[in-house]
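Just so you know, we're using my numbering here: the sequence shown kicks off at 16 and counts up by one. Ideal Cβ placement from N, Cα and C applies to all residues, glycine included. Just so you know, these numbers come straight off a predicted model, no measurement behind them. What follows is a single structure, written as C-alpha coordinates, with notes after it.
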Amino acid sequence: MQLPHHNRYSYSPIVERQNYSWPEGKRLAFYIGLNIEHFAFGTGLSHSLSTPLPGLDHRAFTWCDYGNRIGVWRIFKLLDELGLPACHLMNTAVFDYAPQIVEAIRTRGDEIIGHGRTNSERQGQMWEQDEIRLLQHVREQIQHHAKQEVRGWMSPWMSVSH
16 MQLPHHNRYS YSPIVERQNY SWPEGKRLAF YIGLNIEHFA FGTGLSHSLS
66 TPLPGLDHRA FTWCDYGNRI GVWRIFKLLD ELGLPACHLM NTAVFDYAPQ
116 IVEAIRTRGD EIIGHGRTNS ERQGQMWEQD EIRLLQHVRE QIQHHAKQEV
166 RGWMSPWMSV SH
(Lines of atoms letter the chains of each structure in order from A; the text may use other names.)
(Lines give C-alpha, C1' and ligand atoms only; values in the text may rest on other atoms or scores of the structure.)
Protein backbone atom coordinates (compact mmCIF):
# COMPACT_ATOMS: atom_id res chain seq x y z
CA MET A 16 0.00 0.00 0.00
CA GLN A 17 1.36 3.40 -0.98
CA LEU A 18 0.50 6.13 1.53
CA PRO A 19 0.53 9.81 0.58
CA HIS A 20 4.09 11.14 0.96
CA HIS A 21 5.67 14.58 1.01
CA ASN A 22 8.37 13.64 -1.58
CA ARG A 23 10.98 15.87 0.07
CA TYR A 24 13.36 12.98 0.76
CA SER A 25 13.50 9.21 0.39
CA TYR A 26 13.70 6.76 3.25
CA SER A 27 17.34 6.36 4.32
CA PRO A 28 18.25 4.11 7.25
CA ILE A 29 21.15 5.43 9.30
CA VAL A 30 23.09 2.16 8.94
CA GLU A 31 23.36 2.73 5.16
CA ARG A 32 24.41 6.39 5.23
CA GLN A 33 27.82 7.89 4.52
CA ASN A 34 29.95 8.72 7.57
CA TYR A 35 29.62 12.44 8.24
CA SER A 36 32.14 12.76 11.08
CA TRP A 37 33.59 16.18 11.81
CA PRO A 38 37.35 16.77 11.74
CA GLU A 39 39.34 14.61 14.16
CA GLY A 40 36.53 12.04 14.12
CA LYS A 41 34.19 14.17 16.21
CA ARG A 42 30.57 13.10 15.97
CA LEU A 43 28.66 15.86 17.73
CA ALA A 44 27.72 19.27 16.40
CA PHE A 45 25.16 21.72 17.69
CA TYR A 46 24.03 25.23 17.08
CA ILE A 47 22.48 27.81 19.32
CA GLY A 48 19.35 29.25 17.78
CA LEU A 49 17.01 31.70 19.47
CA ASN A 50 13.49 32.40 18.30
CA ILE A 51 13.06 36.17 18.45
CA GLU A 52 9.40 36.77 17.75
CA HIS A 53 6.88 39.58 17.79
CA PHE A 54 3.12 39.24 18.11
CA ALA A 55 0.19 41.48 17.29
CA PHE A 56 -1.68 42.67 20.36
CA GLY A 57 -5.28 41.50 20.64
CA THR A 58 -5.41 39.56 17.36
CA GLY A 59 -3.85 36.65 15.57
CA LEU A 60 -2.09 33.74 17.21
CA SER A 61 -0.47 33.62 20.62
CA HIS A 62 1.44 31.17 22.77
CA SER A 63 -0.29 29.35 25.53
CA LEU A 64 1.16 26.80 27.91
CA SER A 65 -2.24 25.80 29.23
CA THR A 66 -5.62 26.60 27.74
CA PRO A 67 -6.07 28.30 24.38
CA LEU A 68 -6.16 32.07 24.69
CA PRO A 69 -8.04 34.65 22.69
CA GLY A 70 -5.90 37.00 20.63
CA LEU A 71 -2.96 38.29 22.59
CA ASP A 72 -4.50 39.81 25.69
CA HIS A 73 -2.32 41.69 28.19
CA ARG A 74 -1.16 38.54 30.00
CA ALA A 75 -0.29 36.62 26.85
CA PHE A 76 1.33 39.57 25.10
CA THR A 77 3.62 40.45 27.98
CA TRP A 78 4.55 36.78 28.40
CA CYS A 79 5.45 36.58 24.69
CA ASP A 80 7.27 39.93 24.76
CA TYR A 81 9.41 39.11 27.83
CA GLY A 82 12.12 37.63 25.61
CA ASN A 83 12.45 40.82 23.56
CA ARG A 84 12.64 43.06 26.61
CA ILE A 85 14.71 40.93 28.99
CA GLY A 86 15.48 37.35 27.99
CA VAL A 87 17.42 37.96 24.78
CA TRP A 88 19.71 40.46 26.53
CA ARG A 89 20.56 37.95 29.25
CA ILE A 90 21.27 35.31 26.62
CA PHE A 91 23.48 37.71 24.60
CA LYS A 92 25.49 38.39 27.78
CA LEU A 93 25.92 34.67 28.45
CA LEU A 94 26.91 33.95 24.84
CA ASP A 95 29.47 36.76 24.99
CA GLU A 96 30.91 35.41 28.26
CA LEU A 97 31.22 31.93 26.74
CA GLY A 98 32.48 33.20 23.38
CA LEU A 99 29.73 31.36 21.50
CA PRO A 100 28.18 32.46 18.21
CA ALA A 101 24.47 31.97 17.63
CA CYS A 102 21.86 32.21 14.94
CA HIS A 103 18.50 33.82 15.47
CA LEU A 104 15.17 32.81 13.96
CA MET A 105 13.69 36.27 13.76
CA ASN A 106 10.33 37.73 12.74
CA THR A 107 10.91 40.78 10.55
CA ALA A 108 8.41 42.74 12.68
CA VAL A 109 11.18 42.84 15.31
CA PHE A 110 13.28 45.06 13.01
CA ASP A 111 10.91 47.98 13.59
CA TYR A 112 9.69 47.02 17.07
CA ALA A 113 13.08 46.38 18.69
CA PRO A 114 15.89 47.55 16.39
CA GLN A 115 18.35 47.34 19.28
CA ILE A 116 18.12 43.55 19.08
CA VAL A 117 19.08 43.60 15.39
CA GLU A 118 22.03 45.90 16.13
CA ALA A 119 23.25 43.59 18.90
CA ILE A 120 23.08 40.61 16.52
CA ARG A 121 25.00 42.52 13.84
CA THR A 122 27.62 43.59 16.40
CA ARG A 123 28.03 39.99 17.57
CA GLY A 124 28.37 38.81 13.95
CA ASP A 125 25.53 36.31 14.37
CA GLU A 126 23.29 35.05 11.60
CA ILE A 127 19.60 35.80 11.19
CA ILE A 128 17.43 32.98 9.91
CA GLY A 129 14.15 33.88 8.22
CA HIS A 130 11.20 33.31 10.57
CA GLY A 131 8.32 35.11 8.87
CA ARG A 132 6.93 38.56 9.55
CA THR A 133 5.27 37.78 12.87
CA ASN A 134 4.25 34.77 14.90
CA SER A 135 0.69 36.11 14.73
CA GLU A 136 0.31 34.32 11.38
CA ARG A 137 1.01 30.86 9.97
CA GLN A 138 2.60 30.50 6.57
CA GLY A 139 1.19 27.02 5.89
CA GLN A 140 -2.34 28.42 5.64
CA MET A 141 -1.46 30.97 2.94
CA TRP A 142 -2.24 30.73 -0.73
CA GLU A 143 0.87 30.04 -2.79
CA GLN A 144 1.18 33.59 -4.18
CA ASP A 145 0.80 35.08 -0.69
CA GLU A 146 3.47 32.73 0.59
CA ILE A 147 5.82 33.76 -2.23
CA ARG A 148 5.29 37.43 -1.33
CA LEU A 149 5.94 36.63 2.33
CA LEU A 150 9.22 34.87 1.54
CA GLN A 151 10.36 37.72 -0.70
CA HIS A 152 9.42 40.32 1.92
CA VAL A 153 11.31 38.49 4.69
CA ARG A 154 14.41 38.09 2.50
CA GLU A 155 14.38 41.77 1.54
CA GLN A 156 13.88 42.92 5.14
CA ILE A 157 16.78 40.81 6.42
CA GLN A 158 19.03 42.07 3.64
CA HIS A 159 18.05 45.68 4.35
CA HIS A 160 18.11 45.70 8.16
CA ALA A 161 20.71 43.05 9.00
CA LYS A 162 22.89 43.48 5.89
CA GLN A 163 23.13 39.74 5.34
CA GLU A 164 21.82 37.14 2.93
CA VAL A 165 19.22 34.70 4.20
CA ARG A 166 20.74 31.24 4.41
CA GLY A 167 18.10 29.53 6.51
CA TRP A 168 14.35 29.44 7.10
CA MET A 169 12.02 28.23 9.82
CA SER A 170 8.38 29.10 9.40
CA PRO A 171 6.54 30.63 12.35
CA TRP A 172 4.88 27.84 14.31
CA MET A 173 6.85 25.37 12.11
CA SER A 174 3.91 25.78 9.74
CA VAL A 175 4.70 24.22 6.39
CA SER A 176 3.10 24.19 2.98
CA HIS A 177 3.61 22.00 -0.04
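Candidates the options: closest to residue i by CA position
{"i": "residue 174", "options": "134, 159, 144", "result": "134"}
{"i": "residue 122", "options": "76, 48, 149, 163", "result": "163"}
{"i": "residue 130", "options": "154, 39, 78, 77", "result": "154"}
{"i": "residue 171", "options": "137, 143, 165", "result": "137"}
{"i": "residue 144", "options": "119, 177, 127", "result": "177"}
{"i": "residue 169", "options": "40, 39, 51", "result": "51"}
{"i": "residue 48", "options": "119, 157, 126", "result": "126"}
{"i": "residue 82", "options": "40, 31, 104", "result": "104"}
{"i": "residue 56", "options": "39, 75, 120", "result": "75"}
Rounded straight-line distance, which links the Cα of residue j to that of residue i
{"i": "residue 95", "j": "residue 20", "result": "43 Å"}
{"i": "residue 97", "j": "residue 91", "result": "10 Å"}
{"i": "residue 160", "j": "residue 28", "result": "42 Å"}
{"i": "residue 44", "j": "residue 117", "result": "26 Å"}
{"i": "residue 108", "j": "residue 53", "result": "6 Å"}
{"i": "residue 17", "j": "residue 46", "result": "36 Å"}
{"i": "residue 24", "j": "residue 152", "result": "28 Å"}
{"i": "residue 146", "j": "residue 132", "result": "11 Å"}
{"i": "residue 93", "j": "residue 165", "result": "25 Å"}
{"i": "residue 102", "j": "residue 157", "result": "13 Å"}
{"i": "residue 139", "j": "residue 149", "result": "11 Å"}
{"i": "residue 32", "j": "residue 141", "result": "36 Å"}
{"i": "residue 124", "j": "residue 167", "result": "16 Å"}
{"i": "residue 128", "j": "residue 106", "result": "9 Å"}
{"i": "residue 38", "j": "residue 26", "result": "27 Å"}
{"i": "residue 22", "j": "residue 34", "result": "24 Å"}
{"i": "residue 120", "j": "residue 30", "result": "39 Å"}
{"i": "residue 100", "j": "residue 42", "result": "20 Å"}
{"i": "residue 79", "j": "residue 73", "result": "10 Å"}
Checklist line | Inter-stretch contact (C-beta, 8 Å, three-pair minimum) for the stretch 75-87 and the stretch 99-118 | finding: yes
Notebook entry, point to check: Hey, which unbroken runs of the alpha helix (DSSP H) at 4 residues or more fall wholly within the stretch 133-163?
Noted result: 143-161
Next item on the list: Write down every uninterrupted run of the alpha helix (DSSP H) in the stretch 83-122 whose length is 4 residues or greater and which is fully enclosed by it, in chain order.
Entry: 87-97, 108-112
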